[in-house]
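One structure is given here, and the rest of the page talks about it.
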Amino acid sequence: MSTAFWVLRGAMALLWLVSAVLPVLPSGQERSLSELMRFDFQPEVLMPLMYLAMLLDVLCAYLALCVPRAWAWLLQIILVLAYSVLLSIGHAELWCDPFGVLLKNIPIMAAMGVMIAHDSGKFKGEC
1 MSTAFWVLRG
11 AMALLWLVSA
21 VLPVLPSGQE
31 RSLSELMRFD
41 FQPEVLMPLM
51 YLAMLLDVLC
61 AYLALCVPRA
71 WAWLLQIILV
81 LAYSVLLSIG
91 HAELWCDPFG
101 VLLKNIPIMA
111 AMGVMIAHDS
121 GKFKGEC
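So the sequence shown is numbered by the UniProt record's numbering: it starts at 1 and just counts up by one.
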């Protein structure tokens, strides 16, 4: 596997790991819980949902770095899509955010698509 693909794997794993850790920080936890409250979840399920999301992010970091299989990238794309849809329902304005909060998910999923092609042996490009 070329260096470029390892760099992409590492970058994706880092993104997932940082996403998993941020809700543990006081300001991150407050924001995460605030976002979940917008969906009318019962207060007693907010923390378990936040921890579930964190666990899924850690799992995706592991998959990105250690499981060179197309299905692993497909699972990550599904999770990015799910997060994007949920955030779009609660905050459609995030699509216009100057920091690209949701918009950046499009190239992230495209990169994951390249990794699907690579890990399934169908990648024909040069890297």
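All residues carry an ideal CB built from backbone N, CA and C; glycine is no exception.
Taking the alpha-carbon positions, what's the residue 69 to residue 88 distance? What you label residue 69 is simply residue 69 of the sequence shown in a count that begins at 1. What you label residue 88 is simply residue 88 of the sequence shown in a count that begins at 1. Going from the Cα of residue 69 to the Cα of residue 88 covers about 29 angstroms.
Alpha-carbon to alpha-carbon, residue 22 and residue 38: Taking the first residue of the sequence shown as 1, we reach residue 38 at position 38. Taking the first residue of the sequence shown as 1, we reach residue 22 at position 22. Approximately 19 angstroms, taken between the alpha carbons.
In whole angstroms, give me the CA-to-CA distance for residue 76 and residue 112. Indexing the sequence shown from 1 puts residue 76 at position 76. Indexing the sequence shown from 1 puts residue 112 at position 112. Roughly 8 angstroms between the two C-alpha positions.
Backbone secondary structure at residue 15 - three-state DSSP: Within the sequence shown, the letter at position 15 stands for residue 15. Correct three-state label for residue 15: helix.
For a minimum of 4 consecutive residues, which ranges assigned as the alpha helix (DSSP H) are wholly contained in the stretch 62 to 118? 70 to 90
Work out the CA separation of residue 57 and residue 49 for me, nearest whole Å. Translated into the one-based positions of the sequence shown, residue 49 becomes position 49. Translated into the one-based positions of the sequence shown, residue 57 becomes position 57. Going by the C-alpha atoms only, they are around 12 angstroms apart.
Looking only at C-alpha atoms, which of 17, 82, 32 sits nearest to residue 47? As a position in the sequence shown, residue 47 is number 47, starting the count at 1. Of 17, 82, 32, the residue nearest in Cα terms is 32.
For residue 73, count neighbouring Cβ atoms within 10 angstroms of its own Cβ and tell me buried if that reaches 16, exposed if not. Your numbering for residue 73 matches position 73 in the sequence shown. By the neighbour-count rule (16 or more Cβ atoms within 10 Å), residue 73 is buried.
Does the Cβ of residue 61 have 16 or more other Cβ atoms within 10 Å, making it buried, or fewer, making it exposed? Within the sequence shown, the letter at position 61 stands for residue 61. Per the 10 Å Cβ criterion, buried.
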